[in-house]
Structure formats: C-alpha cells, structure tokens
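Report on the structure given below.
Listed below in structure tokens is the structure:
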C-alpha cells in the first residue's frame, strides 16, 4: 500500500529559526512521497527537542553520529533511507561522507563542501558507497528551466554564442552580519561558509544554472571579487567574464549588495537564430526571441512544452508554481532514484565539483594579475 | 509529540485523473499539519482502490456513507476529524450536510451547492452541527490578497469608488465538452455543474474576491450571459455592471472563451487617493498607484507588509510562492480552527451564500429586460 | 522643390497654456510635410499675439472669421489649405462648418460636436464642400493598432467573440475642476464639453478604438454613468455592456477617477483561435495569445508586421515611438489626402457620428430602466 | 517674430536610404526651433538632388567644402548657423574640424572620430573656434535618464557600489554585412567604422550612459571582444569588468549577435540604500528599488519628478514619448546654446573623448594578457 512506498528520510540541521530546513521539509512533503522519520535538528539539546516536537518527529537524536548509529540498528523497513543535510556549509562535506559511509543516501544543501579537495572526498565516498548523492541546486528544478535546457539541447537556437547569467540580491547591503543576523553571520564567516561569500552562496547557483541549461562547459574565466561593506570578511559581490568550450562567451554577476533586489536570478542564452530569457522571480514564463519571427512566451502548462517539462508541473496553465515546487521536483527525482533506481534527474556530485572549481578559479583569478584562469574540476 | 497534533482528514472524490483533489492533498500536506487517513476517491470500486494505493491511504471506502459510518465508529484519536469534498458540484451540498450531520468538520470545493436554497440548507446544517465549514475560494488565500484587503480596510485609498474584477480563461473556446474532455464535460452539464457554467466555475471566484478585498457588498447588478460555443448547455461568458452599497461602482467579467488566456484573474480597486492592482498569475506583487506620489510595488516578503500578510508566507522575498501555497493557507487556517478553535481565517458559509445569490441574480437579470437586479442572500 | 509640397495649415485655438494645440503642431511638424502659416490662437488679443510670436507664425488673426476671410483672399499658392481646430469642444462643430463652407479642409480635435444632431450638420457640410474632414482619434494612429486591425480583418483569430476595452485615468479624482484647473474646468462644464464628461472625453476614444480594430459595429448597449466627485456637473466614470452585430459581446469602461492611473487605454479582442492585447502606454508591443501555441510578442519594427504597419513607423525595432508619432501618422495621412487626393487613412465624419451616437445612447440608457439601448447613427 | 528665432542648420550625409539623417531632421523639426536650410546629402550628385527635393531644401551642395564656402558667403541672417554631421564614422572627425574652422557650430553623430588622437584634434578645433560642438549620445536625452542622473547626484541611493550596463542587439547575427546590407556594411568596415565594431557602435552608448548617470569615472577595465560571425572584420560582441574611481564596480556588455534582441540598452545602478533600473525600450519608466521600503515606479509626467526632468517632457503622464523625443531634447538644448549661449545640456567633446578612450582601452586590454587597463582620456 501507499504508506510503504514513501521514502523514509532523516534531517540534520534545520531546527527552529532555520530557513532552508523548513523548505526541504515542505518540498519533501508536497507530493506525499517522503516521510520524515528522524532528525538531529540542532546541537542544542533543548532546541533539538522543541524542533522535533514542532515538526512532529519522534526519533530525535542529539548528534548526527547518534542518528546514523541508531538508525542503522533499526529494522530495514523502519529505518531512515536517506539523509537531508541542511546545516551551515562547513558541515556539508564531513556529514555527507559520514552518512554515505554509514550506508545512507544523501541529499545535501549546497555547497558540496568547503573547497574542491573536500568535495572530491565527498564524491569518492559517494562512489564507494553506491548510494545516491544529490545537491540542492534548486533552480534547476523549475519546469521552465528544464524546457530551456531541452530547447538548447535540441538546437532550437543553433550554435550558442552568448550565455549571460546574473544573480542580484540586496539583503547584505548593510553590515547585518555584525549586528546579530544569524543567516548573515555564518554566511560571511570563512570558517563556516567556505572560501566564497556571495560567490559561494549565490554565485555557484548562477554558475550551475549557466552550465546546466547551456550544456556548455566554462573553460576559463576572468573575475573580480569585491567586499563593499566595511568589516565583512568575505566577498559580497562578484563578476566574471566567461569563455566556454566551443567559443561561446559569457558574463556572470552575483551580488548581495544590490540594495533593493530580492532574488534576481536571470539567465539569457543566445544562439545563431534566437535566444531564451528566464527569470527566477517569474519562473513560469520562458521568453524566446527569434531573429526572424516574433518573440514567444512559453508558459508553464501552456502549449508547446516538452513532455519532460510537463511532467514537472502540478497545476494547469495560469496557476503559478514557485520555489517550493521547484525544490519538490528535486526531491521527487531523488526519491524515485532512491526507491526505484531511476537515473538521477537532480544535481549530483559531478555538478557539485564544477561549482567548487568555479569558486576556486574565481578566487585565484581575482587575487592575481593574469587575465584568464582555467577552470579545472 | 508532533504526529499527534496533525488534523486527520478524509477525502471524497479526487481519484485518479481528477485535478482538484490532488491540489487539496498537496495543500494539506505542505505544512505537515494534516494527515490524510481515509477516502472514498471514486464511485468505481477498482478506481477507488487504485487511487487509495497510489495516494498511500489504507482506509478506502466504497461510498461516502460507508466512510462516515465506519470512521464514526473508530476511536476518537484515530478517526477522521474533517472531510474534504472534491467531487463534481452537484454533490457538494448533500455530502456536506451528511458529513456535518455525522459530526465531522467539512472543507468543500466551491460552489457551495447547486443553488441558493441548497446552500442555505448547508449553512443551516453547519450551524446545527457546531462544526467548521470551509470553502475553497482559493484566491483569498494568497498573501498579497490579504495585504490588499487590509490596506483597503485601514483606509489607505480613502473611500472606495471603483471595483473592477476580471477572470479570463480560454480553455473552453472549442466544444471540448462534447469531445470527451472530462473536466469540461461536467462543468457544462447543468445537472452536475449547477445553474451557471462559466458563471459558477469562475465568476463566483471573481465575485468573492471583489467583495472580500473591497469589504463592500454588491447591492444590485446588471448582467449579460452568453454561450458562444454552439451546442453548449451553459453560459461560457459573463459580464456585469455592479453597484455596491455606499456608492462604489464596478464591473465583473468572467469568460472561458477568451482563447489563449490561462487563468487571468485580476482585481483593481480605486479609492479617493489611489488604487490597487493584483493579478493571480503574478501573485507575489501588489501594485499600488497613488494620486500624488509614484506607484509602489509591494512584494511578498519585501518591506512594508502587514504582519498578517507575512504570516501567510513561507519563503523570503524573491522566492515565488504560488497557487498551492495559497491553497495551503486556507487549509492551515481551517486546520487550526479545527484543532484549536481559532476563528475562521478562511471562506465560510456566509461567503458561500453570497456567491450563490450572485449566480441567481445574474441568471435572473440576464434573462429579463429590467436593468438592475437586487442581490439578496 | 520640397518647400512647395508642404501642406499649408492654420490653427484655431491652441494658444499659450493649451495642451493639445502644441501636440497638433508637433505632430504636423514631425515629418516636414506641413507648414503652419496662420492662426487664431486665442480670443484674448494679447495672448493671441504672444502665442503667434512664440510659435513663429506671422499671420495671426483675432477671430476664426477674420482668419477664414483673410486667408481666402490670399493667392492660391500662399493661403492656408487646411484648418486644425483645437478649441474646447463646444466650438468644434460651428467652426468646422464655417471652415468647410469657406472652402478649407478641416482636421478637428474630438469630439466632432456637442451632440449627434450637430455632428450630422458637420458631416453634411463636409459632404457639400467636397473638402477633407479628419478627426483626431489619435490612438488609431499607432502602428500596432493598425497591425491589430489588419490581423482581425484577415481572420487570424477566427470569428470574434469578445471585445474588451478600458480607459482609466485618475486626474479628476479630486474636485480640481472647481479649484482653477483650466483643463478640468471646461471638460466638466456641460456648455463647453457637451453631454458627456468622462464619457465624451475618453469614453469616445475607447469606443472608437473598439469598433475600429474589431471591424464590428455595436448594436446595443447597457451603461452606467456615475459622478463620484461631489459638485461635478458631468459624469466622471462610465461602464457599459456591449452587444455587437454578429454576436460578439463586450465591455467598455472609461473613468477619470481611478486615482493613480495615467492614460490606461487597453483593448483586448478574442476570437475562436486566439486574441490580441494592446495597451496605449506600451504602444510598441502587440501581444497575441493563441489557443494552441505560445503567445507571441509582435513588436514595432520587428518581424511579422504587415507592410501597412511598417509604413507607419519611423525608426527600427527597439527605438520606441509614442503618442506624438501616432498623432503624426494621422496628420501625414490627412496631409497626403489633402495634397494628393489619397483615400482617407484617418478617422472621418462617419466615425465621428458613431462616437456621438455612443454618447447619446449611454446617456439615454443610464438615465432609464430599460436594459438595452440600440445605438443608431 | 518666431520664424526669425529658428536656428538655421545644414546637414551633411543623410540622403535617401540613410536612417540616422532622417531621425536628426525629425528631432530638429519637432519643437519648431530649427530650420533646415541647406545640405550635402550625398556624394552622388543625382542622389543628393533627389534627397534635397524630397526633404524640401533649396540649397543643395555637391560637397561639404562647397557647402561651407557658399554658406559662409551668404548674409548673416540667411546663412546656416550649425551643421549636423550624419555621415559614416570615418568622416565625423575631418568634417567637424572643417565646419568648426569655417565658423559653424557642429552637432555630430557619434562616434566623435576614428580614434582618440583624431578626437583630440576635434576637441582642439572646437576650443579654438569658440563654437558649440555637440554629440548625439541620444540616450542621455531621455527625460527619465535625467531623472536618474539627478537622483544619483543628490544622493538618494547613498554611495554608489554597482553600475551594470548592457546593450543587446541581434541584427548582426547573420553575415548581412557581406550580403549587401548597407547599414551593416560600413559598420563592420574598419576603414569607415573605426577601431571598434559593436564596441564603437553601441558599446560607446553604454559606456557614456554609465558614466553620465552614475557621475562616476571608469578608472580601469578588463574586457573581452569577440567576433562570432565568420568573416566579419570587427568585433560584434564586447564585455567588460569595470572599476570606477571611488570603489564602485561594474559590468558592461554590448553585443550585436544576441539574436532576437532589438535595442536592449539597460542601466542599473545600486548604492547603499537602493538602486535604479532604466531600460531604453520602456523609457518612460524609472524603477527605484529600496532596501527598506517598497519599490517605486517613477513615470514620465507622474508625481515625484525633478523640474529638470519635467522640462524635457512634451506630454502628460501616460502619453508615451520615445526615441525621437529624446533626440529632440538634445537638439533643443543644442539650439538654445547656439542661439542664447545657454550652457551645454547635451553631450560635448569632453564626453566624446571619454568614449574614444574607452574604445582604445578595450581593444588594448582584449588583445593582451594583463588583467586591467587604465582608461586615460
């Protein structure tokens, strides 16, 4: 019966006051294909207990170690199958490795790790374990991002010449990281956030989306990192010129000091015959512009979609779907891979490694005087 | 613990191939505050069984009668607390009455009933039962609809003069109701849909939204119903001039033959000092225009929102929320009313009666030669 | 040579402080096909003199009578050929008749006259004179309005079912007509504005556009006029249900108390296969929506335009053209008709009569209790 | 009287089939403050004659030399006062110098010259002559660009951190320059276009707008030029990272191979408290986003504008103005400077020199391996 087919998962991090853990839980709940069976929501015992109660989870553990050990000891039809990791960045790598080695599938918040070397260790652990490893590059879960990717891949635009990706936020315009904002605090702390600030937090999303949709690989880049807010320890603004294998050129900007901007991730790709334009804040619209005919507005649920796009939609045309539904698409794909062994239709370690290489290349280039830095995974 | 606090609900209708039942389930699942424990998903036994399995529900019943009887016989901490009704329209009234009389709370798809008289019977049953009765006028669940309502109520625009509501769809532009489309078939069948076609299906949403946000009551109306597609048995297009108590004027259009339109529900309200503009297909934006200062773009998650609006949001600014989240807001309010006795922050029988009176006034006016028809609940 | 081919025109009204006279002069000047040779810009002698000097016109006359008499006495290659009438409404009719009878072509601001009877007298005078009579229904001069009209006419959308036109302004939200605003003052004075307030000022534009683009004729209407601002002597808000010959239905709203709105004229037309959407405030875009394929954005200067549309454009795609250019298209067509006898590609007396009949039908219907009023030219 | 106050100007270039010459003539005609009295429209005698006749100019000269000599010999109240230069790029410099040395004011299409050295010679000639020299950086003529500039200057956004400018066109996506398109042909011919292709044609507009509105000076840049269309002799795509004096960072992209794009010039500037967003294709809207309050839509003719912005507008709110009106604003300012000695409210030689320095820095940087190139005027 139905209840049996749900994927049982646990969560580490995501207790009271956390943002992304709640999003993971809603995304997993949406389609009724996951059941949250256990968690280690906080290293603070009282907070962990309260969070578990509020979430409605009975098996709350004080630490990830306890969780992995206890769950592994449960009967096969009861124990957790997969772990969602929603802690601050510096724990992503070690926890993923621990869970994989304990025999659990892993779905991890980005970034994959603190640096490329650690990310490679995660990748190796995943390979050794034979378990699924998924990464929450959420924006690739939007149905019209899939439509965009498919249209590039099937050649609608001809050979690709230009890839322009931008990601503008404004929430770090003031020094809130030194004024008690928890989200801002760890994101600008090198020990917990990793090498990149804005670069790691949102630059990696932009980079992932650009490669994912274009199907092209960035060969080299030239970047400029800035820290506009005095006292901040990591970059809050990044820009880059990109050169793709095959000759396409591109630009990437990611900033968290564009005061007044919300979550302005936008991707534009142009080929010989036309181009596409997609914006995360209006995710149900994909604009196609053509050299020799009027622009088209391709809409979620509307005519002209690839069946693979339609499969990612839950409502008819004109009933907007958003961020949580995009996230749920990643969970659904991950869950089916876990349950049925379906091929991964979600970001994996290979894509995680690319984003870590991007971070390192940006930092190297920005610090030096040479114009181009080769991006090596 | 958490699991205990979930509201246990059952569902009638919503089996394989149905659209709105699945939406109800996702909406109820999103926040983890409901558990679907039983259902009578289809009058076809095999389809009912398959649906229950796919959904993951163990207690599947052949009929609503069986469901009500069996659930009532279960221990209090196991049995269903509330019933979601997602059948075709003609069953809404009788089923709601049956469930209320059996001691269950009811959350019902709109319309409330086939006509005003039946709706009054539902209302009476709800009152007698002391149980909660909620109606899925989904669009009132959008956070920025709440923001709009609050701003009108607190007088931001001064005295209201104009209320313009429109709802344009195009999916019934061709005679798909006589070509095997199930959704179209019952919606254009007077026996199953009720007195109004387009009028009942979406005109009522428009009417509800107009009264809900403006806080004004339509006193009289002058309407024109049309059936553009030959052979169709109910209206597929409706328009009305509205006169509100207190002197405001308005227009309402609802059409399902605006070929190419998706789900174009839009509300504009103007008062002495400015006005508001909200469109369902971009639900996270509320545009405010002012007589003496630049227009403002109020955004979900952005600055300037009332706390009551913020309480209906699940993600930060720029992370779009959509139709399912709006729906989930109704479920969450309904669930908390069921569980904690919280006041109803969801559409109730009183609002349902208004929409039924609207349907009847439109049909009476459209058929006659008198200009104005008074709208009486 | 070139200078000889310019159409020599005079102007009555349009002195200092007037708005629309200046627009007529810019529109006539834009293409270099008109020369303003004389004027009676104001009934105030000093103001007339100053205006003529500022405009750079040597032949300034104290009255229209003096102008007509003196110009008629000049040699044929020097005298004015056409008169532009840009006075308040109540003078349009008598002045047009006087000018036509004196043997001059006339290009007149709308409305054509104070009422239908007077408009018919103008029409008769134009016919008797054999001269050209044009009316400034400016919005029909936009290139993409022409594109819209052509696409309806050639059947792109199939049989038309819906025509929705709206025109929202907010500048009369306060009683500025009783506070010294000259533009507002005469527009709300029945003696100078005519029977309709908002109805005549902008309702006629909306009505004209609806019939012009749809190619359909309004057979009957049901309207509601309101005066929201206390003390105002004419309507400031109008709404109507429309029934077109052939079965199409429609709505028309025109309001000048939609506080915060600028000049929101929008036309939507839907047929069996799709529909069009045009907004005056973004005039270079025509959105086409289709039942079975993605919406298209047809753009001024872009691919897919009819050559007749392209002929009305002055710049390449992406170089926005606006209100003055639309106006100039009417002048250019009028000038070529005057000079070369080209057929009228501008609004003429026949269209003026329709708009006067619309005003009268709205007033009659709004005052009575019968639902439908037939519109008779 | 009026006619006497018009500025008499001549034109070199701009004969039949040319695009920009006609735009200059419309822009000069719009306000009635210029009279075109002579021209050398084409080096082809017959084409020159036909163009003069079509335009309505009596004094047509075979060459610029003949024009300058003959006009200089005319009485002071008859002869041309200013020369508009609308030839291909390679003639801009020499012709401007010739006209200035002959004692005429000059209004020149951009670019100023083929390279920085030649531009300096023009600047020196202008200084020596004491005559006015204006450059058609048209986009700075838009009223809302002025509003943007003023708001940055008065500190509305706080210290500026980010300047993002983009200019996307698609019309050179195919090799039309080798297929007979005259506009494309000379623009991609180094001998006639200068050092930059896309860089000079539109990159300079983007650069000018960025410095003009931000009030900041680019100190150094890092650029990447590409030629995507095989066989093309100049760049058709440019991107750059910018560093401004004072610490602001920026990006500039300019491309003519973004297939399907029209004339997508957009400028975004962000400071500590908020930012602005302006797009040339919707020029009457300036969006302001704020850290701590809702975004505002500042509109041409609407509330909140600086009087200097209003002075550049010709119609009330909601009556769109476009490219020709922006161009006419430059002409009006230039004309008043010529006539009354008013200070220059139009782009001058100083700004022209900056754009030439930008071209040279981009070419130098793009060809080398050093990351940053200092931009020196």
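Chains as they are written, first to last, in my numbering: chain R, 106 to 482; chain P, 106 to 482; chain U, 106 to 482; chain X, 106 to 482.
Beta carbons are placed, not taken as given, at the ideal position from N, Cα and C, and that holds for glycine.
{"Item": "Bridge partner(s) assigned by DSSP for residue 213 of chain P", "Value": "P:190 and P:240"}
{"Item": "Alpha-carbon spacing of residue 348 of chain X relative to residue 460 of chain X, whole angstroms", "Value": "16 Å"}
{"Item": "Buried/exposed call for residue 268 of chain P, threshold 16 Cβ in 10 Å", "Value": "buried"}
{"Item": "Other residues of its chain near residue 439 of chain U: CB distance less than 7 Å, five sequence neighbours each side excluded", "Value": "212, 237, 239 and 451"}
{"Item": "CA nearest to the CA of residue 464 of chain X, picked from X:454, X:445 and X:303", "Value": "X:303"}
{"Item": "At least 3 beta-carbon pairs within less than 8 Å: the region 364 to 374 of chain R vs the region 393 to 400 of chain X", "Value": "yes"}
{"Item": "Proximal chain R residues relative to residue 395 of chain X, where beta-carbon distance stays under 8 Å", "Value": "364 and 365"}
{"Item": "Beta-bridge partners of residue 458 of chain U, as assigned by DSSP", "Value": "DSSP, once it has assigned bridges, lists no residue as partnering residue 458 of chain U."}
{"Item": "Any chain R beta carbon closer than 8 Å to residue 250 of chain U", "Value": "no"}
{"Item": "Contact set between residue 309 of chain U and chain X, taken where Cβ atoms lie within less than 8 Å", "Value": "Neighbours of residue 309 of chain U on chain X: none; closest Cβ ~17 Å, over 8 Å."}
{"Item": "Residue interval of the alpha helix (DSSP H) (run including residue 172 of chain U)", "Value": "169 to 178"}
{"Item": "Euclidean distance between Cα positions of residue 233 of chain P and residue 262 of chain U", "Value": "53 Å"}
{"Item": "Buried versus exposed, by CB contacts within 10 Å (16 or more), residue 472 of chain R", "Value": "exposed"}
{"Item": "Beta-carbon contacts of residue 328 of chain X that lie in its chain and below 6 Å, excluding the five residues immediately before and after", "Value": "345, 467, 470 and 471"}
{"Item": "The ligand FAD heavy atom lying under 7 Å from the CB of residue 368 of chain R", "Value": "Among the components of this structure there are no ligands whatsoever, and the ligand FAD is therefore not found."}
{"Item": "Rounded C-alpha distance that separates residue 273 of chain P from residue 280 of chain P", "Value": "17 Å"}
{"Item": "First and last residue of the uninterrupted beta strand (DSSP E) at residue 156 of chain P", "Value": "No beta strand (DSSP E) contains residue 156 of chain P, which is instead part of the alpha helix (DSSP H) from 150 to 160."}
{"Item": "From P:312, P:399 and P:275, residue whose alpha carbon lies closest to that of residue 341 of chain P", "Value": "P:275"}
{"Item": "Proximity below 8 Å, CB of residue 431 of chain X to CB of residue 243 of chain X", "Value": "yes"}
{"Item": "Local Cβ density within 10 Å of residue 111 of chain P, reported as buried at 16 or more and exposed below that", "Value": "buried"}
{"Item": "Proximal residues of chain U, C-beta to C-beta of residue 403 of chain R below 9 Å", "Value": "399 and 400"}
{"Item": "Cut-off 8 Å between Cβ atoms - residues of its own chain near residue 114 of chain X, not counting five sequence neighbours on either side", "Value": "133, 139, 140, 141, 142, 185, 186, 187, 188, 189 and 212"}
{"Item": "Identified DSSP bridge partners for residue 329 of chain R", "Value": "R:344"}
{"Item": "Interface flag, residue 409 of chain X vs chain P, CB-CB below 8 Å", "Value": "yes"}
{"Item": "Residue range of the unbroken alpha helix (DSSP H) whose run includes residue 382 of chain P", "Value": "Segment 379 to 384 is the beta strand (DSSP E) holding residue 382 of chain P; no alpha helix (DSSP H) there."}
{"Item": "Close beta carbons around residue 241 of chain X, own chain, < 6 Å, minus the five adjacent residues each side", "Value": "214 and 215"}
{"Item": "Local conformation of residue 185 of chain R per DSSP, three classes", "Value": "coil"}
{"Item": "Assigned exposure category for residue 282 of chain X - 16 Cβ within 10 Å defines buried", "Value": "buried"}
{"Item": "Chain X contact residues for residue 148 of chain U, given Cβ-Cβ distances below 8 Å", "Value": "The contacting residues do not exist; residue 148 of chain U stays about 20 Å from chain X at best."}
{"Item": "Beta-carbon proximity of residue 253 of chain P to residue 391 of chain P, cut-off 8 Å", "Value": "yes"}
{"Item": "Supposed contact pair residue 194 of chain P and residue 311 of chain P - C-beta distance, whole angstroms, cut 8 Å", "Value": "Rounded, the Cβ-Cβ distance is 17 Å, inconsistent with contact."}
{"Item": "Same chain, Cβ closer than 6 Å to residue 58 of chain X, five either side skipped, listed in chain order", "Value": "Absent from the structure is residue 58 of chain X, since the part of chain X shown begins at 106 and ends at 482."}
{"Item": "Chain R contact residues for residue 496 of chain X, given Cβ-Cβ distances below 7 Å", "Value": "Lying outside 106 to 482, the shown extent of chain X, residue 496 of chain X is not represented and no answer is given."}
{"Item": "First through last residue of the alpha helix (DSSP H) which encompasses residue 251 of chain P", "Value": "248 to 258"}
{"Item": "Exposure label - residue 385 of chain R; buried when at least 16 CB within 10 Å", "Value": "buried"}
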